[in-house]
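In order, the protein sequences belong to chains A and B. Residues 1 to 119 in our numbering are what the first sequence lists, from first letter to last. Residues 1 to 340 in our numbering are what the second sequence lists, from first letter to last. The structure appears below as structure tokens.
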Amino acid sequence: MTERTLYEKYGGFSKVSKIVLSFYTTLLDSDEIGPFFDDVDMSRIVDHQTKFIATLLGGPASYTDKQLRHLHSHLEISHAHFDELETVLRRTLLEHGMAADDVDVVATEFGNRRPLIVG
Amino acid sequence: MTIEAINEQLLRAIGVGVALLDRQTFQFSFSNDTFDEWFSSESQPGQLQQLFPDLDVNEMQNGLADSGRYTSEIRFKRKRRTLVIALDFTAANEGVLVLVCQNITRIKELESMIDSYSMMVERNTREIKREKEQVEKLLLNIMPRSVYEEYKTFGVVTPQLYDPVSVLMLDFVGFTEMVASQDPSVTVTELNDIYSAFDRIGEQFGCERIKTIGDAYITVAGLPDPTPDHAKAVANTAIRFVRYLTRRNLSHPHQWQCRIGLSSGPVVGSVVGIQKYVYDIFGPAVNLATRLQEFSDPMEISVQHEVADVLKDQFDLEKIGSRTIRGFGAREVWQLSDRN
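This is how it looks when you write it as structure tokens:
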């Protein structure tokens, strides 16, 4: 049998949707990262966050490296921004009851994409 | 505290924005705390259009005139988060308009998320469907559709007797030497071309290709659906195979010569194997076709007596005579030629 993804382990869409919304709120509140979303339409941000979390947890979406690079190419994202996002991500996942070692797995997945996003 | 005072406290504190306006001038006469927090940073709100410049006042007037109610939605940013507020105007008595505002931001965000999610799921569903079709196509290549349906429904295939069917067995002359002397990849590529052509020819006459083993090609008529013309079908197919090869040899450096055997009889068809499925047929008709094929000279077709009997009126058949066939004893063997 195929291995169960974190997405399934943590209750599929019904649970992950709560993570996404809380992540979305925290992101916009953050003065480090929030400004990147100043002029972006709400539904687009939500769409990105849904896919972002689903991708990291092994859900139904999967951003390809090429897409990720393209989506972030016009933004000036520094390592500090990326680190801050990781902090927010870790905190959100822990708040929603994800086990620490699973959070590490997600953070590693996230970290792997650093070269596509920063720069 | 008086009831009036409690009412006012409640009205001010609830999480729904409430305001009263003059029906004619749209001047605000009251607004509660929630309303003020959302809409008016300074002092008292003045006039409706000043506060909501995007609101279609004519539309609102029409709605109020028709049903006494009008609903709308406004969006604005609060520290870069888009807030969505539902506005609900109700015409009350004495020329007063009641405006009730609800924060539906979360609902809108959820809607966006569900849109996003359902799009992902729908895309995945399409992909899964495509993959399923691919798998189905592959399985249909190795077994007849009816057998595949049985396999899909029950997970197993019961061996089934087909009686009678006609079997065409074809083998190439000198294939082993050809593989040894030529570039094997070229040989296999050509073999693939030829088999593909055979498949198309067989299909035209209602034959179902069962398998190929190296340079041996087996196709059968009358399976999985019985056909009265099964002998004719393999005879027509065999003649076309020879014609195709003859024509092909005219324009290709590699000469492909075949031997063909035709026989009729019962066969049992089944899926064999658990991990590596092969649909195969077994029975005397298969063995006899193989033996008869061995009797053929290059580019000739040997036919079982019983088959020849059926075909005699419509095909060009010549009796070769009695031959001893391993496992079958002495049998009359015929040769089928292309009349054209």
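We treat Cβ as the ideally placed atom computed from N, Cα and C, and that holds for glycine.
Per DSSP, cross-strand counterpart(s) of residue i
{"i": "F172/B", "result": "C258/B"}
{"i": "T212/B", "result": "Y217/B"}
{"i": "V167/B", "result": "V220/B, S263/B"}
{"i": "V106/A", "result": "DSSP, once it has assigned bridges, lists no residue as partnering V106/A."}
{"i": "Y162/B", "result": "V267/B"}
{"i": "K77/B", "result": "T82/B"}
{"i": "F89/B", "result": "Y70/B, L99/B"}
{"i": "L317/B", "result": "L336/B"}
{"i": "Y279/B", "result": "V271/B"}
{"i": "T189/B", "result": "Note: T189/B sits in no beta bridge, so no partner."}
{"i": "A330/B", "result": "T324/B"}
{"i": "E306/B", "result": "Partner(s): none; E306/B has no beta bridge."}
{"i": "G17/B", "result": "C101/B"}
{"i": "D22/B", "result": "V96/B"}
{"i": "S40/B", "result": "Partner(s): none; S40/B has no beta bridge."}
{"i": "F35/B", "result": "None, per the DSSP bridge assignment."}
{"i": "E376/B", "result": "For chain B, the structure presents residues 1 to 340; residue 376/B sits outside this window and is missing."}
{"i": "F28/B", "result": "L21/B"}
{"i": "Q47/B", "result": "Q27/B"}
Contact with chain A by residue i, beta-carbon distance below 7 Å
{"i": "M299/B", "result": "no"}
{"i": "E109/B", "result": "yes"}
{"i": "S118/B", "result": "no"}
{"i": "R145/B", "result": "no"}
{"i": "V135/B", "result": "no"}
{"i": "V121/B", "result": "yes"}
{"i": "I325/B", "result": "no"}
Cβ of residue i within 7 Å of any chain B Cβ
{"i": "L93/A", "result": "no"}
{"i": "L28/A", "result": "yes"}
{"i": "M1/A", "result": "Low local confidence applies: a pLDDT of 46 at M1/A is under 50, so the model's placement there is unreliable, and no value is given."}
{"i": "T64/A", "result": "no"}
{"i": "V46/A", "result": "yes"}
{"i": "S43/A", "result": "yes"}
{"i": "S17/A", "result": "yes"}
{"i": "F110/A", "result": "no"}
{"i": "F13/A", "result": "yes"}
Cβ-Cβ separation, residue j to residue i (assumed contact under 8 Å), whole Å
{"i": "F39/B", "j": "L48/B", "result": "Going by Cβ atoms, the distance from F39/B to L48/B rounds to 11 Å, so no, they are not a contact pair."}
{"i": "P298/B", "j": "R259/B", "result": "7 Å"}
{"i": "S112/B", "j": "D47/A", "result": "6 Å"}
{"i": "V16/A", "j": "L57/A", "result": "6 Å"}
{"i": "L262/B", "j": "V303/B", "result": "5 Å"}
{"i": "P266/B", "j": "V147/B", "result": "Actually they do not touch by this definition, with Cβ atoms about 17 Å apart."}
{"i": "T50/A", "j": "S116/B", "result": "4 Å"}
Under 8 Å by beta carbon: chain B residues contacting residue i
{"i": "S22/A", "result": "Within 8 Å Cβ-Cβ: nothing; S22/A doesn't reach chain B, min ~11 Å."}
{"i": "A107/A", "result": "Residues of chain B passing the Cβ test: none, with the nearest at roughly 23 Å."}
{"i": "A100/A", "result": "Simply none; closest approach about 26 Å."}
Closer than 8 Å at the beta carbon, the chain A residues around residue i
{"i": "N124/B", "result": "P60"}
{"i": "R80/B", "result": "L28, G34, P35, F37, D38"}
Cross-chain neighbours of residue i in chain B, by beta carbon under 7 Å
{"i": "P50/A", "result": "Looking at the sequence itself, residue 50/A is Thr, so the reference to Pro does not match. Per Cβ cutoff of 7 Å: M113, S116, Y117."}
{"i": "A80/A", "result": "The premise fails here: A80/A is roughly 19 Å from chain B at the closest Cβ pair, so nothing lies under 7 Å."}
Any non-hydrogen atom of the ligand NAD within 6 Å of residue i CB
{"i": "V88/A", "result": "The ligand NAD is absent from the structure shown, which contains no ligand whatsoever."}
For the region 23-30 of chain A and the region 80-96 of chain A, state whether three or more C-beta atom pairs, one from each stretch, are separated by less than 8 Å.
-> Contact between the region 23-30 of chain A and the region 80-96 of chain A is present, because at least three Cβ pairs lie under 8 Å.
Contact between the region 306-314 of chain B and the region 228-240 of chain B: three or more CB pairs below 8 Å?
-> Remark: three or more beta-carbon pairs, one from each stretch, lie closer than 8 Å, so the region 306-314 of chain B and the region 228-240 of chain B are flagged as touching.
Contact between the region 237-250 of chain B and the region 198-205 of chain B (3+ Cβ pairs under 8 Å) = The answer is yes - the region 198-205 of chain B touches the region 237-250 of chain B, with three or more Cβ pairs under 8 Å.
When the Cβ atoms of the region 89-105 of chain B are set against those of the region 64-72 of chain B, are three or more pairs found closer than 8 Å?
-> Segments in contact, yes.
Sufficient close CB pairs (3 or more, under 8 Å) joining the region 169-184 of chain B to the region 267-281 of chain B | With a cut-off of 8 Å, the region 267-281 of chain B and the region 169-184 of chain B do not count as touching, because too few Cβ pairs lie within range.
Please confirm if the region 55-72 of chain A is in contact with the region 3-22 of chain B, defined as three or more CB-CB distances below 8 Å between the two stretches.
-> Touching, no, given that fewer than three Cβ pairs across the two stretches are closer than 8 Å.
Three or more C-beta pairs below 8 Å linking the region 279-295 of chain B and the region 154-167 of chain B | The region 279-295 of chain B makes contact with the region 154-167 of chain B; the number of CB pairs closer than 8 Å reaches 3 or more.
Check whether the region 117-135 of chain B touches the region 91-108 of chain B, taking contact to mean three or more Cβ pairs, one atom from each stretch, closer than 8 Å.
-> No, they do not touch.
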